[in-house]
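Residue numbers (the working numbering): 3 to 108. In this text, a Cβ means the ideal position worked out from N, Cα and C, and glycines have one as well.
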């Protein structure tokens, strides 16, 4: 079963089992993970599901598309080299992904 570990800005971590095909954002919302606002519900129009992907996991993800890249420039917390919008990361079979939420999304 795929697992996503969400760490908040204070360092508290929570691992949840995910469903293949769902997004990392959907998994967070469904499991009440704090730090993922997801105002637009995954329609790529708000940047409130910004996460920092663990550097060891980042290279294994598909490259971001242009719209996600543009949206990250409007995130509440400055983007970093491993920034992604978790609504755009699909859970895959065997995934063991680690992400950190910024201190705020709005």
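Residue span of the alpha helix (DSSP H) that contains residue i, given as start and end
i          : result
residue 30 : 26-32
residue 61 : It is not in any alpha helix (DSSP H) - residue 61 carries neither H nor E in the DSSP assignment.
residue 74 : 68-74
Of the residues the options, the one placed nearest residue i, counting alpha carbons only
i          : options       : result
residue 94 : 45, 51 and 63 : 63
residue 71 : 85, 11 and 33 : 85
Alpha-carbon spacing of residue i relative to residue j, whole angstroms
i           : j          : result
residue 105 : residue 65 : 25 Å
residue 108 : residue 39 : 8 Å
Close-in-space but distant-in-sequence residues of the same chain around residue i (CB under 6 Å, 5 per side omitted)
i           : result
residue 98  : 5
residue 100 : 7, 56 and 59
residue 77  : 49 and 52
Start-to-end residues for the beta strand (DSSP E) that takes in residue i
i          : result
residue 15 : 15-19
Please determine if the segment 45-61 and the segment 10-23 are in contact, where contact requires at least 3 C-beta pairs separated by less than 8 Å. no
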